[in-house]
Amino acid sequence: MVSTGDTSTEASQASGNIIKAVNTASVQANLLQLIQSMEEYLTSDDDHIRAKATGLLSHTLHKCDQQSINEAAVSVLVDFYCDRLTDRTCVPNLLEGLVALTSSDNFTGPNAVTTATRIFERVEIQRFPQATRNTAFHIFENLMDKHLSALKAINNEFVYGFTQAMDGEKDPRNLMAAFKLVKLIVQHFDIGAHVEVMDNTSCFYDPYGITADDLKQSLRQCISSTGLFAKLAVPLILEKLSSTSGSAKKDSMETLAACAPVYGANILLPVIDEIFDALKVEVFHSTDQALEDAALACIESVVATLSSGLVSNSGETIEKILKPLVVECIANLKEPN
Numbered sequence: 049m050v051s052t053g054d055t056s057t058e059a060s061q062a063s064g065n066i067i068k069a070v071n072t073a074s075v076q077a078n079l080l081q082l083i084q085s086m087e088e089y090l091t092s093d094d095d096h097i098r099a100k101a102t103g104l105l106s107h108t109l110h111k112c113d114q115q116s117i118n119e120a121a122v123s124v125l126v127d128f129y130c131d132r133l134t135d136r137t138c139v140p141n142l143l144e145g146l147v148a149l150t151s152s153d154n155f156t157g158p159n160a161v162t163t164a165t166r167i168f169e170r171v172e173i174q175r176f177p178q179a180t181r182n183t184a185f186h187i188f189e190n191l192m193d194k195h196l197s198a199l200k201a202i203n204n205e206f207v208y209g210f211t212q213a214m215d216g217e218k219d220p221r222n223l224m225a226a227f228k229l230v231k232l233i234v235q236h237f238d239i240g241a242h243v244e245v246m247d248n249t250s251c252f253y254d255p256y257g258i259t260a261d262d263l264k265q266s267l268r269q270c271i272s273s274t275g276l277f278a279k280l281a282v283p284l285i286l287e288k289l290s291s292t293s294g295s296a297k298k299d300s301m302e303t304l305a306a307c308a309p310v311y312g313a314n315i316l317l318p319v320i321d322e323i324f325d326a327l328k329v330e331v332f333h334s335t336d337q338a339l340e341d342a343a344l345a346c347i348e349s350v351v352a353t354l355s356s357g358l359v360s361n362s363g364e365t366i367e368k369i370l371k372p373l374v375v376e377c378i379a380n381l382k383e384p385n
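Per the working numbering, numbering of the sequence shown is gapless, rising by one per residue and ending at 385.
Put into C-alpha cells, the structure is as follows:
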C-alpha cells in the first residue's frame with residue numbers, strides 16, 4: 049500500500065496495524081505468518097496486486113524489529129526476494145525490501161554475494177526510473193559498508209556488474225551515490241580489467257539541489273583516485289584545457305592538479321608540452337584572476353610531480369623539460385607593463 053503509491057488514510061492505517069501486529073511477541077513467526085497469508089497476492093497474475101503486496105511486505109520489513117529476525121530467516125528472505133527479481137513489475141518494491149534486509153545485523157557475507165550477483169544477473173538497473181536506480185545504489189552501499197571482504201571474493205563479477213549498473217547514469221542524485229561507491233571500489237578492489245568504469249562518469253548540471261560543483265568535486269576525487277584512470281582521463285583533461293569556456297578550463301586545471309601526483313611523471317611526460325602551452329597562456333595573458341590562480345596551482349603540482357618522478361636522473365631531464373618555460377617566464381618578467 050504505502051510503498052506502491054497508495055497514501056490514503058485507510059491504507060496508512062492498515063499498514064500501520066500490520067506492522068504493529070508483526071512487532072508483537074515473536075516478530076519472526078509473525079513475519080512468516082504474514083508472508084504465508086499474503087501468498088495469494090504475492091503470486092497473483094495481476095501485476096498491480098502483486099506489486100502492491102510486495103510493496104507492503106517490503107514496507108513491513110523496514111518497520112519491523114529486524115534484530116528479532118535470525119540469520120537463517122534473513123537468508124530465507126534474501127533468497128525469496130532475489131528469486132523474484134525477474135519480475136520486472138515488482139523490482140522497485142523488491143529492491144526496497146533488499147535495502148531493509150541488507151541493513152540487518154543478521155545479513156551475512158554469503159547473503160551479500162547472493163544479493164549482488166542476482167541483481168547484476170536479473171536487473172537492468174538503468175531501465176528503471178531514478179528512484180529505483182537510487183535504491184539499487186543504496187543496496188550496493190550497504191553491501192560494501194558491511195561485507196566488503198565477501199564482495200572482494202567475487203572481485204571481477206562485482207566490479208563489472210557495478211560498472212554496468214551505472215552505465216549511462218545521468219541523474220545528479222544517483223551520480224553522487226555512484227561516485228562515492230566508485231571511490232570505494234578503486235580503494236578496495238582490483239579494477240585493472242575494468243577501467244572502462246571511467247567511461248560512465250561525467251558531470252551534469254543539477255536541477256535537484258545538488259550543485260554542479262558538488263558533482264565536479266566528487267568526479268574529480270574519482271578520477272584522481274588511481275593512475276589506472278590516466279589513459280582515459282588525460283585526453284579529456286587536455287581537451288578541456290583548450291576549451292573556450294572559462295569554467296571548463298578552470299575545472300580541467302583543478303582536476304589535473306589533483307591527478308598529477310597520482311598519475312606520476314611517466315604519464316605526464318608524453319603530453320607535457322601540451323600541458324605547459326595551455327597553462328602558460330592563462331598565466332602570461334590572464335584576463336581572469338581565478339583562471340590564473342588555477343593555472344599557477346596546476347603548474348606547481350605538475351612540476352612537483354615531474355621532479356619527484358625523475359629524481360633518479362639527477363635532475364637533468366627535468367631541467368631540460370622546464371627550461372623553455374623558465375626562459376619564457378624570465379622574458380615576460382622583463383617586459384614593461
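For glycine and all other residues, C-beta sits at the position ideal for the given N, C-alpha and C.
These numbers come from a predicted model, not from an experiment.
Cutoff 8 angstroms; reference SER349; Cβ partners in own chain excluding five residues on either side: Here residue 349 is taken as the residue at index 301 of the sequence shown, counted from 1. Around SER349: LEU304, ALA305, ALA306, ALA308, PRO309.
Cβ pair PHE188, VAL139 closer than 8 angstroms: Counting from 1 along the sequence shown, the entry for residue 188 is found at position 140. Counting from 1 along the sequence shown, the entry for residue 139 is found at position 91. Result no, Cβ atoms of PHE188 and VAL139 do not sit closer than 8 angstroms.
Unbroken stretches of the alpha helix (DSSP H), 4 residues or longer, contained in the region 71 to 148: List check, alpha helix (DSSP H) in window: 75 to 85, 87 to 90, 95 to 111, 119 to 131.
Short CB-CB distance (under 8 angstroms) between GLN337 and chain C: Absent here is chain C; the protein component of the structure consists of one chain.
C-alpha distance - LEU149 paired with ALA198, whole-angstrom precision: Working through the sequence shown from its first residue, we reach residue 149 at position 101. Working through the sequence shown from its first residue, we reach residue 198 at position 150. Between the alpha carbons of LEU149 and ALA198 lies a distance of about 16 angstroms.
Chain-order list of residues whose beta-carbon lies under 8 angstroms from that of THR162 (same chain, five-residue window excluded): Locating residue 162 in the sequence shown gives position 114, counting from the first residue. When the five nearest sequence neighbours on each side are left out, the beta carbons in the same chain lying within less than 8 angstroms of the beta carbon of THR162 are those of VAL126, ASP127, CYS130, in order along the chain.
Inter-residue Cα distance where the pair is ALA343 and THR335: By 1-based counting over the sequence shown, the position of residue 343 is 295. By 1-based counting over the sequence shown, the position of residue 335 is 287. Their backbone Cα atoms lie some 12 angstroms apart in a straight line.
For PHE155, the three-state DSSP class (helix, strand or coil): The residue given as residue 155 occupies position 107 in the sequence shown. Here PHE155 sits in coil by DSSP.
Distance CB(LEU373)-CB(PHE332) smaller than 8 angstroms: Position 325 of the sequence shown, counting from 1, holds the residue named residue 373. Position 284 of the sequence shown, counting from 1, holds the residue named residue 332. Contact flag unset, no.
Residues near THR180 in its chain [Cβ-Cβ closer than 6 angstroms; skip 5 each side]: Here residue 180 refers to the residue found at position 132 of the sequence shown. The answer, listed in chain order, is PRO140.
Those runs of the alpha helix (DSSP H) which lie wholly inside the region 302 to 357 and span at least 4 residues: The region 302 to 357 is shown to contain whole alpha helix (DSSP H) runs of 4 or more residues at 313 to 316, 320 to 332, 337 to 357, in chain order.
Simplified DSSP state of PHE206, which is helix, strand or coil: Start at 1 with the first residue of the sequence shown, and residue 206 comes out as number 158. Three-state result, PHE206: helix.
Residues of its chain near VAL207, where Cβ-Cβ distance is below 7 angstroms and the 5 sequence neighbours each way are ignored: Taking the first residue of the sequence shown as 1, we reach residue 207 at position 159. For VAL207, same chain residues with a beta-carbon under 7 angstroms away, outside a window of 5 residues either side, are ILE233, PHE237, ILE239, HIS242 in chain order.
Contact the region 97 to 105 vs the region 67 to 74: 3+ CB pairs below 8 angstroms: No, they do not touch.
Neighbourhood of ASN78 by C-beta, 6 angstroms cutoff - its chain only, sequence neighbours within 5 removed: For the purposes of this step, residue 78 is identified with residue 30 of the sequence shown, where counting begins at 1. Cβ within range, chain order: VAL70.
Three-state secondary structure (DSSP) of ALA198: Residue numbering aside, residue 198 sits at position 150 when the sequence shown is read from its first letter. The answer is helix: DSSP assigns ALA198 an H, G or I state.
Given LYS111 as reference, the closest of LEU90, ARG136, GLU144 once Cα atoms are compared: Along the sequence shown, read from residue 1 onward, the residue named residue 111 stands at position 63. Closest by C-alpha distance to LYS111, out of LEU90, ARG136, GLU144, is GLU144.
Delimiting residues of the alpha helix (DSSP H) encompassing GLN235: Translated into positions along the sequence shown, residue 235 becomes position 187. 220 to 236 is the span of the alpha helix (DSSP H), which, as asked, contains GLN235.
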